[in-house]
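Notes to accompany the following structure.
Number of protein chains: 2
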Amino acid sequence: MSLQKVSPGRATLAEIARDASVSMSTVSKVLNGRAGVSDAVRERIEGLLHSAGYSRRGTAYEQGKLIELVFDNIDSEWSLQIIRGVERVARENGLSVILTESGGHLSLSPDWIDGILRRQPVGVILLFSNLSIDHKRQLATRNIPFVVLDPAGDPDPDVASVGSANWAGGLAATRHLVELGHRRIAMVSGPLAMLCSRARLSGYRAALEEAGIPIDPTLVDAGEFHYEDGVAAGTRLLSRADRPTAIFAGNDLQAFGVYEAARMLGLVVPDDVSVVGYDDVPSASWMGPKLTTVHQPLIEMAEQATRLVLALRDDPHRKLVRIDLATSLVVRASTAPPRG
Amino acid sequence: MSLQKVSPGRATLAEIARDASVSMSTVSKVLNGRAGVSDAVRERIEGLLHSAGYSRRGTAYEQGKLIELVFDNIDSEWSLQIIRGVERVARENGLSVILTESGGHLSLSPDWIDGILRRQPVGVILLFSNLSIDHKRQLATRNIPFVVLDPAGDPDPDVASVGSANWAGGLAATRHLVELGHRRIAMVSGPLAMLCSRARLSGYRAALEEAGIPIDPTLVDAGEFHYEDGVAAGTRLLSRADRPTAIFAGNDLQAFGVYEAARMLGLVVPDDVSVVGYDDVPSASWMGPKLTTVHQPLIEMAEQATRLVLALRDDPHRKLVRIDLATSLVVRASTAPPRG
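One line per chain: the protein sequences are A and B, in this order.
Take 1 as the starting number for the first sequence in full-length UniProt numbering and just add one per residue.
Take 1 as the starting number for the second sequence in full-length UniProt numbering and just add one per residue.
Quick look at the structure:
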């Protein structure tokens, strides 16, 4: 069922074994991520596989019927929605999902890639974008396509990825507050090392600019997307004499933290301060008041990434794409015109 | 590396093929969940495998290094913690986790079991307990152990399972309210078809009895563990002229719903009504006020289930066990003495 075309000049495994002065079985071990090969030999063979433009013909599709989903950390409702989206499309295609947590180092152990090479999945979906060049080459020579979902940093141009319209989301959230009449609008951004955070922050700035509201850098704080960061930044911002009348948080968890900061200071949301979140995780609707937030279509993004990896499998010469799905503002009860 | 002993009188596959009047390759297809065998022949071979006490010798352990985790529905923070616990122990043991969502029918499609038989995982962790006798036999003849995690119904005596001390949790939650001075204590139970819900309800009743408080059946309502059920039941209970001064909810989501019911009726938690939840999902700490709840050690339960399935794999003759982990009450800000 392999749709891949065999290039006429493609190196065979026998040629690679000959060039590396090793047996076919040694090449096969490297190709399948198995033990019993020295690091030096492994490296030599990987180099030859790459420079020869080797690409394994698709046979695993019928065997394993696996798709791999790799997180740094499975630690929020956010992760859960990604899992559900991938699981749904995988099931439609008769595939099983292998879930891996790399352990939050934004980098993967060598074991991880060996496991993938052994299992020969149909494809890999990564929740981070900084895959090393070596790992990219290893996946390419084994003909295992991969897609980066919601990249935290700038994805390389040679990587297919699915994200969402973060800039437009930041713009919509801030415009909503401007339209309610707010002028002192703060932002508790996510980590600025992440591209998505920077895009949301740019959207916030653009909305202020188009309304002719000067940007006050002291009203911009940043956290690591955790509840506690929202409590800390919210407390700092809301303790000021000239406190903001509205706060846009870089994600829902930070918005929940801002709620707590307001409660501790005796302020009422939205009477004293309006709050907008980002993501629209299920608990946004359980808060009191229910959180106005930017809906990020996480399940659809995960579905899209899974479909994209399957399309790349069927046609490895497909042009690589970056897909951004639309975000939308969901107005609930945490925003109101400013007092006064 | 198989530790399994081969019984001297064990039927061989050749004998089973002979008894079924089929070829060895047909028996092998059935054993490995592959297509190309009629239902009638498949059924005959399954029957012979079972009655002959056939048990495949463990060779897959080195090959697949997979463990399967099967949910009805991956739909709450609850699921996420289970996934994290299983993932953690799997990683320690060099295993990958295959995640399957059966689609919420509390029953599995035949495809599902074929997938398992093909993949030959080290073991299976099920988030529901009503596995059919046929499926149990199929797993047993392939020497694939399984463990039921947090059974919703009565687990069969021939099934290993990991749960938590639900009765003790219900007792502790209600005792806490009694000790604060509450006498009109309502319960919004989870679905009574689930054993865990019935155990929590029994714990609630036991705490009232030991305090000499008569049980008022009109103060007991039940939901399906959803936020909306908490809103509906909370609204009914708190709209009564003789409304309860405290509500024990069968899980945290229902407790969040009770918060909303109180807000809509202009009541303040905990001044007008105390609320206790069950589970201690992360968002319990994000609510205003932070929710007093019974901590269920979900991650530890998942870890324990994974270790148990690995132990069963190494020693299939191990005595089956049911492990219940302890629950503990976490007192936060949603409970206070009743207004006097």
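Every residue gets a Cβ at the ideal spot worked out from N, C-alpha and C, and that includes glycine.
The C-alpha of residue 258 of chain A lies about 19 angstroms from the C-alpha of residue 329 of chain A.
Interface criterion met: the Cβ of residue 77 of chain A is under 8 angstroms from a Cβ in chain B.
Look at residue 286 of chain A: its C-beta is under 8 angstroms from a C-beta on chain B. Under the DSSP definition of a beta bridge, residue 146 of chain A partners with A:124.
Looking at the DSSP output, residue 135 of chain A sits in no beta bridge, so it has no partner there.
Taking residue 245 of chain A as reference, the option from A:14, A:170, A:183 and A:26 with the minimal CA-CA separation is A:183.
Taking the C-beta atoms as reference points, residue 78 of chain B is found no nearer than 8 angstroms to residue 308 of chain B.
A residue is called buried once 16 or more other Cβ atoms fall within 10 Å of its Cβ, and residue 177 of chain B is buried on that count. Bounds of the beta strand (DSSP E) holding residue 185 of chain A are 185–189. Bounds of the beta strand (DSSP E) holding residue 71 of chain A are 66–71. When DSSP states are grouped into helix, strand and coil, residue 295 of chain A belongs to the strand group. Residues of the stretch 255–275 of chain A with a C-beta atom less than 7 angstroms from some C-beta of chain B are 256, 259, 260 and 263, listed in chain order. Taking the C-beta atoms as reference points, residue 283 of chain B is found no nearer than 8 angstroms to residue 335 of chain B.
Here residue 248 of chain A carries a strand assignment [DSSP, helix/strand/coil]. A distance below 8 angstroms separates the beta carbons of residue 276 of chain B and residue 173 of chain B.
Pairing residue 83 of chain B with residue 99 of chain A gives a Cβ-Cβ distance under 8 angstroms. One alpha carbon belongs to residue 37 of chain A, the other to residue 142 of chain A, and they sit about 18 angstroms apart.
Counting only residues of its own chain and dropping the five nearest sequence neighbours on each side, residue 170 of chain B has a CB closer than 6 angstroms to the CB of 200, 203 and 204.
Taken through DSSP and simplified to helix, strand or coil, residue 239 of chain B comes out as coil. Between residue 86 of chain B and residue 144 of chain B a beta carbon distance of about 16 angstroms is seen, past the 8 angstroms cut, so the two are scored as non-contacting. Spatial neighbours of residue 271 of chain A in its own chain (CB-CB distance under 8 angstroms, excluding positions within 5 residues in sequence) are listed in chain order as 336 and 339. Under a criterion of Cβ atoms nearer than 8 angstroms, the residues of chain B adjacent to residue 84 of chain A are, in order, 74, 75 and 101.
Just measuring C-alpha positions, the residue of A:166, A:263 and A:291 sitting nearest residue 195 of chain A is A:166. Assignment of residue 84 of chain B by DSSP, reduced to helix, strand and coil, places it in the helix class.
Around residue 80 of chain B, the beta-carbon contacts reaching into chain A at under 9 angstroms are 74, 75, 76, 77, 79, 80 and 83. In this structure, the CA atom of residue 50 of chain B is about 49 angstroms from the CA atom of residue 209 of chain B.
With respect to the 8 angstroms criterion, residue 266 of chain B and residue 249 of chain B are not classified as neighbours on the basis of their beta carbons. Residue environment analysis places residue 113 of chain B among the buried positions, since at least 16 neighbouring C-beta atoms fall within 10 angstroms of its C-beta. Take residue 295 of chain A, set aside five residues on each side of it, and the residues of its chain with a beta-carbon closer than 7 angstroms to its own are 280, 327, 328 and 330, in chain order. The distance from the Cβ of residue 69 of chain B to that of residue 301 of chain B is about 13 angstroms, inconsistent with a contact at the 8 angstroms cut-off. With a 10 Å radius around the Cβ and a threshold of 16 neighbouring Cβ atoms, residue 292 of chain B comes out buried. About 6 angstroms separates the beta carbons of residue 223 of chain B and residue 188 of chain B, which is inside the 8 angstroms limit, making them a contact pair. By the C-beta density criterion, residue 317 of chain A is exposed, having fewer than 16 other C-beta atoms within 10 angstroms. Following the DSSP letters along the chain, one finds residue 98 of chain B inside the beta strand (DSSP E) bounded by residues 96–101. In the DSSP secondary-structure assignment, residue 54 of chain B is not bridged to any residue. In the DSSP assignment, residue 16 of chain B falls within the unbroken alpha helix (DSSP H) covering 13–20.
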